[in-house]
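Residue numbers (our numbering), protein chains in the order written: chain E, -6 to 368; chain X, 22 to 164. Where a beta carbon is used, it is the ideal one built from N, C-alpha and C, also for glycine. Only one structure is covered here, and it is reproduced in the block below.
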């Protein structure tokens, strides 16, 4: 009887755990704290945080329990991450939720979305500099796009063994926008620049909104066909929303479908951070480079907005450049809040959303381009 | 391997430059296209007006040229009336006279369509060529 009890005890998580598991459990708890108490991107951090807890409960290997064991339930759920299915589904929902009217009203703001992608390419060089393999470097670089699903999608294609750290880094920095972006924005702009008011946007017709996803998918996917799984779904979702004849599909895409995908994506990505796989020097490097990527992306957008102002008659508020990263709507909200802090009558949210949505398109194109470099 | 050498060996500079250029130019093109959508739609909405305007302008010019004689045929006074208009003018000239002299004097007196009306008088054999480039006035019968 004691033998049986001892055997049972040696198979429990308490017995099998080492310090790395506890570190990861603390990390998961921090995610849950940030998501629930601080409300930093709760839709992402709560499933990821809980996934980290689940993924770091030690178990006896070989019984099909863990996410990396081929016959486990978690492994089947993880299929959507490994193959890039969940990111595509998230993009469908994202498209169905996004209103591109502010972008259509001010197309020049799309350039800020393009400028913010420079963070990706600087980080690509940085990652190569630190000795990462080219495919790993490209996967790390995409963190600069500040788009979780895009980062997961590209990493699944190029460096699947890094999905865990890259996804965690991408989502962490998305959640930490209120901490990372404001100091950079403040550092790179003068008060006078932050006070620049944007003119009200023109009214965009229904037909423009309807034509945009068609024109967008054709132009972008002809340019980078490898971005099809993301941009095809993004623009499909948007077309469903704008065409007005399939409201049921649009409503489902922007609620049940994206929510389901987000739960499984976040949870399984969290589970994939098993301590023995996750806590490596490479992960630390990825976190460092991710922070660099995100900061450079923010700075590139702001600096490019200032450069644009040298040529524009009607100046744009350079804070908007920070919204060129594709963290929707976090960065637009941060830009708006900083604008309001300087002048309570300066509303930048909708303009920020224009940059944000172009950032989503831009980072998906970047993912396609980087992938195509290695095909 | 680390450092600049690792970047160079893995074609990093080229990947970064080409990638940045592609994404930038792609979004520039997309922004240009979407900036034109509303203009194209406005043009499409007003295509009827545009077509009408085009119809009015271009074919009208052709019509004017082609139908000019018809217009004069319809609106030129009858030969009798032309005679009564031109008789006092011819009386001011010395016979034989050049058609340019008659044209000039008709123009001065604001005779409508002097060129056409002189041509009509010639066709009606009221202006008779003298063979040396001059003409004489043949009074119509009954006058």
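#### Entry: DSSP state of residue 366 of chain E mapped onto helix, strand, coil
In the first chain, the residue the question calls residue 366 of chain E occupies position 373. It is helical.
Review point. In chain X, which residues lie with their C-beta within 7 Å of the C-beta of residue 359 of chain E?
Key: In the first chain, residue 359 of chain E corresponds to position 366, counting from 1. Chain X residues near residue 359 of chain E: 40, 44.
Specify the secondary structure class of residue 357 of chain E as computed by DSSP and reduced to three states. Here residue 357 of chain E corresponds to residue number 364 of the first chain, with the count starting at 1. Note: residue 357 of chain E maps to helix in three-state DSSP.
Assumed close pair residue 355 of chain E, residue 48 of chain X - CB separation to whole angstroms, cut-off 8 Å:
Numbered from its first residue, the first chain carries residue 355 of chain E at position 362. Numbered from its first residue, the second chain carries residue 48 of chain X at position 27. For residue 355 of chain E against residue 48 of chain X, the beta-carbon gap comes to about 6 Å, under 8 Å, which counts as contact.
### Query
Any beta-carbon of chain E closer than 8 Å to the one on residue 23 of chain X?
One-based indexing of the second chain puts residue 23 of chain X at position 2. Taking Cβ atoms only, chain E reaches closer than 8 Å to residue 23 of chain X, which makes this a yes.
- Task: Would you give the residue range spanned by the alpha helix (DSSP H) that residue 303 of chain E belongs to?
- Result: Mapped onto the first chain, residue 303 of chain E falls at position 310. Counting along the chain, the alpha helix (DSSP H) containing residue 303 of chain E begins and ends at 274 to 304.
Spell out the partners DSSP gives residue 150 of chain X in its beta bridges. As a working mapping, residue 150 of chain X is identified with position 129 in the second chain. Residue 150 of chain X pairs with X/156.
Complete runs of the beta strand (DSSP E) confined to the region 97 to 154 of chain X [at least 3 residues]
For the region 97 to 154 of chain X, whole beta strand (DSSP E) runs of length 3 or above, ordered along the chain, are 148 to 150.
Practice item. Could you say if the region 31 to 42 of chain E and the region 256 to 275 of chain E meet the contact criterion of at least three C-beta pairs nearer than 8 Å? Key: Touching, yes, given that three or more Cβ pairs across the two stretches are closer than 8 Å.
Beta carbon of residue 328 of chain E nearer than 8 Å to that of residue 345 of chain E = As a working note, residue 328 of chain E is residue 335 in the first chain. As a working note, residue 345 of chain E is residue 352 in the first chain. Their beta carbons are under 8 Å apart, which means residue 328 of chain E touches residue 345 of chain E by this criterion.
ask   = Comparing the C-beta of residue 163 of chain E with each C-beta of chain X, is any distance below 8 Å?
value = Reading the first chain from its first residue, position 170 is the one you call residue 163 of chain E. It does not: the Cβ of residue 163 of chain E has no partner Cβ on chain X nearer than 8 Å.
**OP:** Determine the contact status of residue 116 of chain E and residue 286 of chain E, defining contact as a CB-CB distance below 8 Å.
**Re:** Residue 116 of chain E sits at position 123 when you count from the first residue of the first chain. Residue 286 of chain E sits at position 293 when you count from the first residue of the first chain. Cβ distance < 8 Å, so residue 116 of chain E and residue 286 of chain E count as in contact.
Nearest neighbour of residue 45 of chain E, chosen from E/339, E/14, E/57, E/336 [CA to CA]
Numbered from 1 along the first chain, position 52 holds the residue referred to as residue 45 of chain E. Here the closest residue by C-alpha is E/14.
Out of curiosity, what's the CA-to-CA distance linking residue 126 of chain X and residue 108 of chain X? As a first step, residue 126 of chain X must be located in the second chain, where it is residue number 105. As a first step, residue 108 of chain X must be located in the second chain, where it is residue number 87. One alpha carbon belongs to residue 126 of chain X, the other to residue 108 of chain X, and they sit about 12 Å apart.
Report the neighbours of residue 213 of chain E on chain X: residues whose CB is nearer than 9 Å to its CB, in chain order. For this step, residue 213 of chain E is matched to residue 220 along the first chain. Residues of chain X passing the Cβ test: 47, 48, 51.
For residue 224 of chain E versus residue 210 of chain E, is the C-beta spacing smaller than 8 Å?
-> The residue you call residue 224 of chain E lines up with position 231 of the first chain. The residue you call residue 210 of chain E lines up with position 217 of the first chain. Their beta carbons are under 8 Å apart, which means residue 224 of chain E touches residue 210 of chain E by this criterion.
*Run through DSSP, which three-state label would residue 54 of chain E get?*
Indexing the first chain from 1 puts residue 54 of chain E at position 61. The answer is coil: DSSP assigns residue 54 of chain E none of H, G, I, E or B.
ask   = Would you say residue 104 of chain E reaches chain C, if we count a Cβ-Cβ gap shorter than 8 Å as a contact?
value = Among the chains of the structure shown, chain C does not appear; the protein chains present are E and X.
| request: Could you give the DSSP three-state label for residue 4 of chain E: helix, strand or coil? | output: For this step, residue 4 of chain E is matched to residue 11 along the first chain. Residue 4 of chain E carries a coil assignment under DSSP once its states are collapsed to helix, strand and coil.
Q) Taking Cβ positions, are residue 302 of chain E and residue 309 of chain E nearer each other than 8 Å? A) Numbered from 1 along the first chain, position 309 holds the residue referred to as residue 302 of chain E. Numbered from 1 along the first chain, position 316 holds the residue referred to as residue 309 of chain E. Yes, the pair counts as a contact, with Cβ atoms nearer than the cut-off.
Going by DSSP, what residue range makes up the alpha helix (DSSP H) through residue 331 of chain E? As a position in the first chain, residue 331 of chain E is number 338, starting the count at 1. Unbroken alpha helix (DSSP H) run through residue 331 of chain E: 323 to 335.
Problem set entry | Test item: CB-CB of residue 398 of chain E and residue 335 of chain E under 8 Å | Residue numbering for chain E in the displayed model covers -6 to 368; residue 398 of chain E lies beyond these limits and cannot be assessed.
- Message: Counting only beta-carbon separations shorter than 8 Å, does residue 275 of chain E have a partner in chain X?
- Response: By 1-based counting over the first chain, the position of residue 275 of chain E is 282. For residue 275 of chain E, not one C-beta of chain X is nearer than 8 Å to its own C-beta.
Q) Exposed or buried, which one is residue 60 of chain E when buried takes at least 16 other CB atoms within 10 Å? A) The residue given as residue 60 of chain E occupies position 67 in the first chain. Flag for residue 60 of chain E reads buried.
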